[in-house]
Amino acid sequence: MNELGQRLERALTQHAARVAVLDRGRAYLYGQLSARVVQVMATLREAGVSEGALVALGGGRDVLRVADLVALFKVGACPLLLCPRWPRRYQEECVRRSGATWSLAAGRLASTLVARGHDSPRAQLPAGLAYVVYTSGSAGVPKGVLVPHAGLLPVLDTQRRAFGLEPGSRSLFMLGLGFDASLSDLGTAILAGATLVLEDEVACAPGRLGQTLARHHVTYVDLPPAYLSSLDERALPPSLTTVVVGGEVPPARDVRRLAPHVALFNVYGPSEATICTSIARCGSDWSRPFIGHPIAGIRYSLRDGGTPGPHGWEGELVVEGPGVAYGYLGDEAQTRERFRDGPVRAFCTGDRVCRTPSGAWEFLGRVDRQLKRRGQLVAPEHVEAALLGAGPVAAATVSLDADEQLVATVERHPTAAQVAPRELEAQLLAGLREALPPSLVPDRVKVVAALPRTANGKVAHDRASARAVASTMRAAQRRAPACAPTRSEPEVPGSRPSDGRAALLAALMGAALGRAPLSPDDDFYAHGGDSLRALEVVARAEAGGLAVSVADVARGRTPRGVCELRASDTVGSCARATLEAAVSEGVRAVAIARRTSGTYGHAAPASLRGAHVLLTGATGTLGGALLEPLRAAVGREGRVHCLVRRPAAPVSAEEDLADGPAAGGAPQRVLGARKPVPTPGRSGSAQDDQAPVSWLLGDVMDPMLGLAVDAYAQLARDVGVVLHLAAQLNAASTGRTLMQVNVDGTRHVLQFTLAARPKALLHVSTLSIFTDAAPRPERCMEGDDLGDVAGFASHYAASKWAAERLLRTVDPCSTRTTVVRLGLLSEDHVGRGVARGHLARVIRGLAALGARPHATLEELTSLRFDATPVDHAARASLALLTHDLRHGVGGTYHVAAARSVSLARLLRAMRLEGVVLETCSWPELCARAAESADASGDAVLAALSLGRLGRGGAAEDPALDLFAATGTHFSLLDSRRALFGTSLEPPEPDERMLRRYVRSALA
169 MNELGQRLER
179 ALTQHAARVA
189 VLDRGRAYLY
199 GQLSARVVQV
209 MATLREAGVS
219 EGALVALGGG
229 RDVLRVADLV
239 ALFKVGACPL
249 LLCPRWPRRY
259 QEECVRRSGA
269 TWSLAAGRLA
279 STLVARGHDS
289 PRAQLPAGLA
299 YVVYTSGSAG
309 VPKGVLVPHA
319 GLLPVLDTQR
329 RAFGLEPGSR
339 SLFMLGLGFD
349 ASLSDLGTAI
359 LAGATLVLED
369 EVACAPGRLG
379 QTLARHHVTY
389 VDLPPAYLSS
399 LDERALPPSL
409 TTVVVGGEVP
419 PARDVRRLAP
429 HVALFNVYGP
439 SEATICTSIA
449 RCGSDWSRPF
459 IGHPIAGIRY
469 SLRDGGTPGP
479 HGWEGELVVE
489 GPGVAYGYLG
499 DEAQTRERFR
509 DGPVRAFCTG
519 DRVCRTPSGA
529 WEFLGRVDRQ
539 LKRRGQLVAP
549 EHVEAALLGA
559 GPVAAATVSL
569 DADEQLVATV
579 ERHPTAAQVA
589 PRELEAQLLA
599 GLREALPPSL
609 VPDRVKVVAA
619 LPRTANGKVA
629 HDRASARAVA
639 STMRAAQRRA
649 PACAPTRSEP
659 EVPGSRPSDG
669 RAALLAALMG
679 AALGRAPLSP
689 DDDFYAHGGD
699 SLRALEVVAR
709 AEAGGLAVSV
719 ADVARGRTPR
729 GVCELRASDT
739 VGSCARATLE
749 AAVSEGVRAV
759 AIARRTSGTY
769 GHAAPASLRG
779 AHVLLTGATG
789 TLGGALLEPL
799 RAAVGREGRV
809 HCLVRRPAAP
819 VSAEEDLADG
829 PAAGGAPQRV
839 LGARKPVPTP
849 GRSGSAQDDQ
859 APVSWLLGDV
869 MDPMLGLAVD
879 AYAQLARDVG
889 VVLHLAAQLN
899 AASTGRTLMQ
909 VNVDGTRHVL
919 QFTLAARPKA
929 LLHVSTLSIF
939 TDAAPRPERC
949 MEGDDLGDVA
959 GFASHYAASK
969 WAAERLLRTV
979 DPCSTRTTVV
989 RLGLLSEDHV
999 GRGVARGHLA
1009 RVIRGLAALG
1019 ARPHATLEEL
1029 TSLRFDATPV
1039 DHAARASLAL
1049 LTHDLRHGVG
1059 GTYHVAAARS
1069 VSLARLLRAM
1079 RLEGVVLETC
1089 SWPELCARAA
1099 ESADASGDAV
1109 LAALSLGRLG
1119 RGGAAEDPAL
1129 DLFAATGTHF
1139 SLLDSRRALF
1149 GTSLEPPEPD
1159 ERMLRRYVRS
1169 ALA
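Numbering (this note's numbering), first residue to last: 169 to 1171.
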């Protein structure tokens, strides 16, 4: 094992009880990370992956990627860094050129020989290679940089010390996975014993970054310089001590504004010299882009000695030292041009710098055509070569305009003379998006009759640049005679929301650009959009429940194009065949667990009384309403074990607390003991007869429920009944996330029910599996398992159906499984709970908008929604489980309101509570939602939820459809029979209840 592998091993062992990774709120200890690394290492060694082997590293921004990277370094293999945002074609091209024989993603190893062909040439890899990273190439193809181990560990150690990373630090990871600087954030955090914080890109959008830093108590963050403007020095979280920027010159004004409040560093270093070669501490007097002094054995010099300048000696920067790369993989010509051999290897950076008399180094620009765009180096020749291959183009030039937008100007080929410019521009952009990573795709393409050329016929790039063309146009306009200005009005979406999501996205895009709403077919980037503004759009859309990613915006470009992309993605991933494959995988895993479990010593209990019960989702809305009735039903002879997700605090896995849940229902700290938990504010015999509670720190996403082996085994022996409430409900979550939580989580719970002894299971599902089904049944019967469904219109419903399918396949006779499908949960009988529920958010959103779309009374009366009080749902679910335990059977039941509520009745209740709503056109409502100062996203959600108006009652986005009960009958026959003799009759929402809901939502 090399030195880096040894150091990583030492960190995993030394900090085993500390939190290594906080992945979207889920905490993984160093010990858990180490166990995952060992599994991946075993996979690598079994396949024959040995020291020096090149392995393409894929996967997403999650804990699995971290484990894969550490495993590769520990076995001595060399990762080839890939990014999931790159087009598949570009990733395959990088793998083919590298000669990598294996690819690794989420612990799964695959051979690349089939994809790239057995006869593809393989370049000889040098000894001591650490990793390979691809950069934009001036020869028109990507360049693979061969980075040695010699400089990697010294750079990580120097950065760790300079940035103050230590055990207890928290590092927010934001950089691109295909970017070599990502290794810095990962490596420094792990070597320091710190916590690496992973979040979705939307949580790190400029408008949300401050909240994310505060929520996770982040101490250190490495940012693209453009993000500095989004940080308010007056509202920085107290935890934040260090901010690092690099990749391009940071804005001096923002540096001076933030430097007095945090340790702010500007880092510099080309990929060809191991991530970082110098560090500069920025002060409040920052005025020039200094790059600091060399680190980790690196030396700077000027090529050919440089020339005198106004502030010192100027010239091309040459980097020398152990971190300089071996060269470019399979490209000897480029290697000879940029690298120099000698006693110490050197690299000619192409960066123009100035060495001042004081010895400081200042960045001045480039000596070649290469550009810096959003912190990444762009070789215009690379993009120009792709343009020539993307369509009928005779010549092309790529440059940055005055707004730092990447603009491609192309000369149309004579054979395409009849093709309209707009059509050709769209064709070229589509081709580039399939061939290049997002950082290389131009923001705009401009078709011209002819590009300016030099005397020998070559394109005159200086005269054809975007800035030169813009200057020429401005000069022509000044010479032109005065005339009345013309204005091209954007296409206005219809007065009805016939294309609601596209119209709302158009408004959100316009708001992000500081202008009127775009038309559905306007190109966001052609109107000045960039990656940061795209993040703003995505953040506002996601807050309202609309699942859109930055990659969707980059690929779709127009509001309509983005919506079409999302629709096609949903159709594919929610198709029956895709879901059945996921179910089959789960069934195989459960079958293995069943063969090894030995569940034949006891029978499942016939009653909750005196039983040990495992409850998942105890801190959620339904779990909070169900816990007290459950404790009463179990009684003091039994025990309720609540499985809660691991908190962010870096505590020992053995820590024992028995303070119970905090006031908000969330556990205060880790609880590992089985001590009774008192309920504050209660006394008397009823309290004395309630079951004690054990709060267990774990996670249904883990096959062992996040528990230690001995704790899992003991729990499996004790528990006789499992109530599985934990689920991912966020409609804006990706299909992958929903499947992981709702299907894989159910599988892990199901495996637990088979361990040590038979267990009865209550599984909470949703009536959305009917309303989002394709085809949608007219009557939703409790005995219908939707076995003939073709697919689903939302990822959420698809994941919940797949979970039900898994349960029925494993327990086809439903002898131990009770399934309860819930309607739309609303406030309880006194108006408490579900503050972030769909109905409450729509009420608040409408109030924030102050308007609703024009609609007829018939439309307002026809749109209907369910409103099931959460306390009724909790008590009914518990009673149905009790019924099935008593009779030794399992059933499927619906729990919902006795009758649905119309939109007209809701609006009347709001009016009676003093909420005055105007009526307006659909475009105006979208504009109001986009311009709303409501950071919660409720206004956007309200607009999306009204998408049925004007569509003949059809829902455009079922995942955000409040009115799923429209034209639907939810049968409650079986649940009424099972609940006969109890006081749990399905509620009938009346005006008093609706007014209470409105007051509660607005409180």
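Idealized CB from N, CA, C, for every residue including glycine.
Backbone CA spacing between residue i and residue j [nearest angstrom]
i       : j       : result
Asp952  : Arg984  : 18 Å
Tyr496  : Leu673  : 43 Å
Met169  : Ser446  : 29 Å
Ala670  : Arg601  : 21 Å
Val309  : Leu873  : 46 Å
Leu1071 : Glu591  : 44 Å
Asp472  : Gly483  : 8 Å
Leu539  : Val546  : 5 Å
Ser271  : Leu225  : 6 Å
Gly1058 : Arg744  : 25 Å
Ser469  : Gln502  : 21 Å
Asp720  : Leu1046 : 42 Å
Glu1196 : Leu1128 : Because the chain in this structure spans residues 169 to 1171, residue 1196 falls outside the shown range and cannot be described.
Phe331  : Pro419  : 21 Å
Val808  : Val781  : 5 Å
Leu1048 : Leu1085 : 41 Å
Asp519  : Trp863  : 58 Å
Ala295  : Ala588  : 54 Å
Val187  : Ala195  : 6 Å
Val323  : Ala278  : 31 Å
Ala894  : Ala715  : 21 Å
Same chain, Cβ closer than 6 Å to residue i, neighbours up to 5 away in sequence not counted
i      : result
Ala970 : Leu747, Ala750, Val751, Val911
Leu597 : Val613
Leu113 : Residue 113 lies beyond the stretch modelled for the chain, which goes from 169 to 1171, so this question has no answer here.
Arg850 : Here the model assigns Arg850 a pLDDT of 44, short of 50, so the residue's position is not dependable and the matter cannot be decided.
Buried/exposed call for residue i, threshold 16 Cβ in 10 Å
i       : result
Gln919  : buried
Tyr768  : Residue placement at Tyr768 cannot be trusted, given a pLDDT of 48 that sits under 50; the coordinates are not used to answer.
Thr269  : buried
Val932  : buried
Asp368  : buried
His384  : buried
Gln174  : exposed
Thr1150 : exposed
Enclosing beta strand (DSSP E) for residue i [first to last residue]
i       : result
Gln158  : As displayed, the chain neither begins before 169 nor continues past 1171, which places residue 158 out of reach and without an answer.
Gly913  : Run containing Gly913: none in the beta strand (DSSP E); it sits in the alpha helix (DSSP H), 913-921.
Phe1175 : Residue 1175 is absent from the structure shown; the chain starts at 169 and stops at 1171.
Gly483  : 481-488
Asp191  : 187-191
Asp519  : 514-523
Ala1042 : Where Ala1042 is concerned, there is no enclosing beta strand (DSSP E), although the alpha helix (DSSP H) it sits in stretches over 1038-1055.
Short CB-CB distance (under 7 Å) between residue i and chain B
i      : result
Val208 : Looking for chain B here will not work: only one protein chain is present.
Residue i - containing alpha helix (DSSP H), residue span
i       : result
Val206  : 198-214
Lys614  : Taken as a continuous stretch (DSSP letters only), Lys614 belongs to no alpha helix (DSSP H), being part of the beta strand (DSSP E) at 612-616.
Arg1164 : 1159-1170
Leu1012 : Correcting the residue type first, residue 1012 is Arg in the shown sequence and not Leu. Unbroken alpha helix (DSSP H) run through Arg1012: 1006-1017.
Glu1173 : Any property of residue 1173 remains undetermined from this structure, which presents the chain solely from 169 to 1171.
Own chain residues within Cβ distance below 7 Å of residue i, not counting five before or after
i       : result
Gly1172 : With the chain running from 169 to 1171 in the structure shown, residue 1172 is simply not present.
Asp1106 : Arg1009, Arg1012, Gly1013, Ala1016
Contacting residues, own chain, Cβ-Cβ under 8 Å from residue i (five flanking each side not counted)
i      : result
Leu795 : Leu783, Ala786, Val808, Cys810, Val861
4-residue-minimum alpha helix (DSSP H) runs that sit fully inside the segment 357-406, ordered along the chain: Every alpha helix (DSSP H) of 4 residues or more that sits fully in the segment 357-406 is shown, in chain order, as 377-383.
Which complete alpha helix (DSSP H) runs does the segment 1097-1148 hold, if anything under 4 residues is left out? If we require 4 residues or more, the alpha helix (DSSP H) runs fully inside the segment 1097-1148 come out as 1106-1113, 1141-1146.
Every unbroken beta strand (DSSP E) within the segment 229-306, with a cutoff of 3 residues, ordered by chain: You should have 246-249, 270-273, 276-279, 297-303.
Within the segment 527-609, ranges of the beta strand (DSSP E) (whole runs, at least 3 residues): The beta strand (DSSP E) runs lying completely inside the segment 527-609 and spanning 3 residues or more are 529-534, 539-541, 544-546, 561-568, 574-580, given in chain order.
Ignoring anything shorter than 4 residues or poking outside the segment 706-788, list the alpha helix (DSSP H) runs there in chain order. Every alpha helix (DSSP H) of 4 residues or more that sits fully in the segment 706-788 is shown, in chain order, as 718-724, 727-741, 744-765.
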